[in-house]
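> Right, I'll just put the structure down here and ask away after.
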Amino acid sequence: MKHNIPFYDYTFNYNKNSKNLKKIFHRISSKGSYILQSELSIFENQIQKYTKSKHVLGVGNATDGMQLFLIASDIKKNSEIIVSSHTMVATASAVNFAGYKPVPVEFGKDLLISPEAIEKSITSKTKAILITHLNGRTCDMDKILYLCKKYKLILFEDAAQALGSKFKGKLAGTFGLAASISLYPAKILGCFGDGGLILTNNTKLYNKLKKIRNHGINDKTKQIDHWGFNSRLDNLQAGFLSYFFKSHDKNIKKRRELAKIYNNELKYIKEITLPIFDNNSKNFDIFQNYEIICNNRNDLRDYLKKKGIGTLVQWNGVRINNLSLPNIKKIKLKSDKLFHKLLLLPMNISLSNLDVKKICDEIKNFYRFKK
Ligand SMILES: *Cc1c(COP(=O)(O)O)cnc(C)c1O
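Quick look at the structure:
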């Protein structure tokens with residue numbers, strides 16, 4: 000029988016852990032603890048210790064997280080906020096709904112926002128940068144922090160894909176005023192639905208966000224002293240997440256092992272540029288995704304599909320700088336050329352080493368045949 004390799008197996012986490020998860024479901028549900036209960040604060044504390052961020056707040060999802068921290072930051076309305084052109088539309092929509100203008104800029108060969116492009120895009124209206132630590136890799140924080148200082152810009156982080164990723168030993172999501180992490184099922188730490196976290200070292204901002212996520216209610220006085228939203232991480236999800244978080248470092252290790260196999264197998268194919276795989280350097284990459292730059296992207300994708308191997312074009316190929324929407328300028332960027340060559344290969348803990356070897360063999364077959 001042919002063994003298919005889906006891009007991502009949404010049944011894996013539950014099926015592999017169903018016995019323990021059912022116990023957690025029973026324990027929490029039987030005491031009726033669904034909203035803002037102890038399991039949530041326990042999980043928030045775990046992430047707080049892990050990231051060494053001063054404060055962690057569970058929210059509905061990472062998109063809400065970004066919108067909430069942007070709103071809470073009180074930047075002057077209609078200011079420009081710089082974002083990468085290679086990020087989810089969520090990054091830009093959060094900026095838009097918070098009352099600012101998203102300004103997309105180039106990404107580099109590492110697929111991360113280019114510090115040089117940031118500098119070129121700064122205007123008198125620019126007040127902040129919202130960087131995306133894409134694919135589990137932290138941006139070049141030396142250069143970006145330097146720019147923030149030089150131009151007096153506030154730094155925010157879309158760390159949706161980057162829980163555990165580091166730059167010079169410091170975790171993604173702990174560099175700026177606030178950061179957002181996604182707990183969407185296919186993310187490296189995923190739950191059974193939507194979920195997200197805000198990280199911040201700023202106590203004033205944290206106290207404000209705590210109200211804003213819960214209808215503006217001050218949890219001590221019970222008074223409403225701010226306009227708010229309903230965006231709380233479910234207590235049940237928090238219970239499941241604490242359980243999965245115990246394996247977080249082990250899962251990262253496994254992903255890095257799979258990345259190493261991809262790297263060793265594919266590095267000789269000249270039609271492909273691989274993600275950087277570096278040991279002992281500045282970056283500790285957690286490989287949320289394994290995104291290659293490849294020739295004949297669509298043909299390769301079709302070929303692999305015929306062989307039973309799933310791949311994905313990130314954001315369905317939507318570029319932030321190519322959106323026909325209000326409040327964002329449609330612009331051409333040099334990195335657009337790269338964009339059409341990007342492909343995500345399967346990268347998750349349900350894969351065996353042999354699965355990855357099989358994927359690599361088929362990629363080699365494809366390019367041999369192409370010649
Ligand atoms: C997944 C993702 C988001 C959105 O996260 P949600 O929790 O689904 O809102 C935002 N930015 C990036 C880079 C993502 O990968």
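Note that numbering that gives the first Met the number 0 gives residue 204 to position 205 of the sequence shown, counting from 1, and the numbers run on in steps of one. Backbone N, C-alpha and C define an ideal beta-carbon position, used for all residues, glycine too. All values reported here derive from a predicted model rather than from experimental measurement.
#1: Throw me the rounded Cβ distance for the residue 261 and residue 359 pair, which I believe falls under 8 Å.
#2: So residue 211 is in the alpha helix (DSSP H); what residue range does that whole segment cover?
#3: Counting pairs of beta carbons, one from the stretch 263-279 and one from the stretch 240-254, are three or more of them closer than 8 Å?
#4: Could you compute how far the alpha carbon of residue 330 sits from the alpha carbon of residue 179?
#5: Can you list every residue whose CB sits closer than 7 Å to some heavy atom of ligand 1, going in chain order?
#6: List the residues that DSSP assigns as beta-bridge partners of residue 165.
#7: Identify, in the order they occur along the chain, each residue of the same chain with its Cβ nearer than 8 Å to the Cβ of residue 226, setting aside the five sequence neighbours on each side.
#8: My guess is that residue 177 and residue 198 are in contact by the Cβ rule of under 8 Å, so how many angstroms apart are they, rounded?
#9: By Cβ distance below 7 Å, which residues in the same chain neighbour residue 239 in space, the five residues on each side in sequence not counted?
#10: For residue 155, does the three-state DSSP call read helix, strand or coil?
#11: So residue 237 and residue 31 are in contact, right, with Cβ under 8 Å, and what is the actual spacing, rounded?
#12: Taking only the alpha-carbon atoms, compute the straight-line gap between residue 338 and residue 349 and give it to the nearest angstrom.
#13: Which partner residues does residue 125 have in the DSSP bridge list?
#14: Residue 199 lies in the beta strand (DSSP E); which residues open and close that run?
#15: Thinking residue 55 and residue 84 are a contact (beta carbons under 8 Å), I'd like their distance in whole angstroms, please.
#16: Decide yes or no for the touch test of the stretch 61-76 against the stretch 40-47: beta carbon pairs closer than 8 Å, at least 3 of them.
#17: Could you tell me the boundaries of the alpha helix (DSSP H) in which residue 289 lies?
#18: Consult DSSP for residue 102 and reduce its assignment to one of helix, strand or coil.
#19: Considering only residues of the same chain and omitting the five flanking positions on each side of residue 316, which have a CB-CB separation below 6 Å?
#20: From residue 137 to residue 107, what distance separates their C-alpha atoms?
#21: Using C-beta distances below 8 Å, list every residue in its chain close to residue 224, excluding the 5 sequence neighbours before and after it, in chain order.
#22: Quick one, are the C-beta atoms of residue 163 and residue 285 less than 8 Å apart?
#23: The beta strand (DSSP E) spanning residue 57 covers which residue range?
#24: Beta-carbon separation of residue 153 and residue 126 under 8 Å?
#25: Does DSSP put residue 332 in a helix, a strand or coil?
#26: Nearest by alpha-carbon distance to residue 172: which of 140, 336 and 185 is it?
#27: Taking the continuous alpha helix (DSSP H) assigned at residue 92, which residues delimit it?
#28: Using only the alpha-carbon positions, how far apart do residue 294 and residue 134 sit?
#29: By Cβ distance, which residues of its chain are closer than 8 Å to residue 352, with the 5 residues on each side in sequence left out?
#30: Pick from 327, 242 and 343: whose alpha carbon is nearest that of residue 13?
#31: Output the residue ranges of the beta strand (DSSP E) runs that lie fully inside the stretch 295-347 and measure 3 residues or longer, sorted by chain position.
#32: Using only alpha-carbon positions, find the residue among 113, 35 and 5 that is nearest to residue 230.
From the atom records:
#1: Translated into the one-based positions of the sequence shown, residue 261 becomes position 262. Translated into the one-based positions of the sequence shown, residue 359 becomes position 360. The beta-carbon separation of residue 261 and residue 359, rounded to 6 Å, stays under the 8 Å limit for a contact.
#2: For the purposes of this step, residue 211 is taken as residue 212 along the sequence shown, with counting starting at 1. Its alpha helix (DSSP H) spans residues 202-211.
#3: no
#4: As a working mapping, residue 330 is identified with position 331 in the sequence shown. As a working mapping, residue 179 is identified with position 180 in the sequence shown. Distance between the alpha carbons of residue 330 and residue 179 is about 27 Å.
#5: 60, 61, 62, 63, 86, 87, 89, 90, 131, 133, 157, 159, 160, 181, 182, 183, 186, 193, 194 and 195
#6: As a working note, residue 165 is residue 166 in the sequence shown. Residue 165 is bridged to 170 and 283.
#7: Taking the first residue of the sequence shown as 1, we reach residue 226 at position 227. Excluding positions up to five away in sequence, the list reads 211 and 215.
#8: Working through the sequence shown from its first residue, we reach residue 177 at position 178. Working through the sequence shown from its first residue, we reach residue 198 at position 199. About 7 Å separates the CB atoms of residue 177 and residue 198; that is less than 8 Å, so the two are in contact.
#9: On the sequence shown, residue 239 is found 240 positions in, with the first residue counted as 1. If we look at residue 239 and ignore the five residues flanking it on each side, its Cβ neighbours are 20, 23, 190 and 191.
#10: Here residue 155 refers to the residue found at position 156 when the sequence shown is read from its first residue. Correct three-state label for residue 155: strand.
#11: Translated into the one-based positions of the sequence shown, residue 237 becomes position 238. Translated into the one-based positions of the sequence shown, residue 31 becomes position 32. Actually they do not touch by this definition, with Cβ atoms about 15 Å apart.
#12: Within the sequence shown, residue 338 is the residue found at index 339, counting from 1. Within the sequence shown, residue 349 is the residue found at index 350, counting from 1. Going from the Cα of residue 338 to the Cα of residue 349 covers about 28 Å.
#13: One-based indexing of the sequence shown puts residue 125 at position 126. 79.
#14: Residue numbering aside, residue 199 sits at position 200 when the sequence shown is read from its first letter. Run containing residue 199: 195-199, per the beta strand (DSSP E) assignment.
#15: Sequence index remark: in the sequence shown, residue 55 carries index 56 (1-based). Sequence index remark: in the sequence shown, residue 84 carries index 85 (1-based). Going by Cβ atoms, the distance from residue 55 to residue 84 rounds to 29 Å, so no, they are not a contact pair.
#16: no
#17: If you number the sequence shown from 1, residue 289 lands on position 290. Unbroken run through residue 289 is the beta strand (DSSP E), 289-293; no alpha helix (DSSP H).
#18: As a first step, residue 102 must be located in the sequence shown, where it is residue number 103. In this structure, residue 102 counts as strand in the three-state DSSP scheme.
#19: As a first step, residue 316 must be located in the sequence shown, where it is residue number 317. So no residue of the chain qualifies.
#20: On the sequence shown, residue 137 is found 138 positions in, with the first residue counted as 1. On the sequence shown, residue 107 is found 108 positions in, with the first residue counted as 1. The C-alpha of residue 107 is placed about 13 Å away from the C-alpha of residue 137.
#21: Here residue 224 refers to the residue found at position 225 when the sequence shown is read from its first residue. 210, 215 and 217.
#22: Within the sequence shown, the letter at position 164 stands for residue 163. Within the sequence shown, the letter at position 286 stands for residue 285. Closer than 8 Å, so yes.
#23: Position 58 of the sequence shown, counting from 1, holds the residue named residue 57. Start and end: 54-58.
#24: Here the question's residue 153 lines up with position 154 in the sequence shown. Here the question's residue 126 lines up with position 127 in the sequence shown. Yes, the Cβ-Cβ distance between residue 153 and residue 126 is below 8 Å.
#25: The residue you call residue 332 lines up with position 333 of the sequence shown. Residue 332: coil per DSSP, three-state reduction.
#26: By one-based count along the sequence shown, residue 172 stands at place 173. Among 140, 336 and 185, the Cα nearest to that of residue 172 belongs to 140.
#27: Indexing the sequence shown from 1 puts residue 92 at position 93. Where residue 92 is concerned, the enclosing alpha helix (DSSP H) starts and stops at 88-96.
#28: Your numbering for residue 294 matches position 295 in the sequence shown. Your numbering for residue 134 matches position 135 in the sequence shown. The alpha-carbon atoms of residue 294 and residue 134 are separated by roughly 20 Å.
#29: Position 353 of the sequence shown holds residue 352. Within the same chain, residue 352 has close Cβ partners 256, 257 and 260.
#30: Position 14 of the sequence shown, counting from 1, holds the residue named residue 13. Relative to the Cα of residue 13, the nearest Cα in the group 327, 242 and 343 belongs to 242.
#31: 341-344
#32: The count along the sequence shown starts at 1 and reaches residue 230 at position 231. The shortest Cα separation from residue 230 among 113, 35 and 5 belongs to 35.
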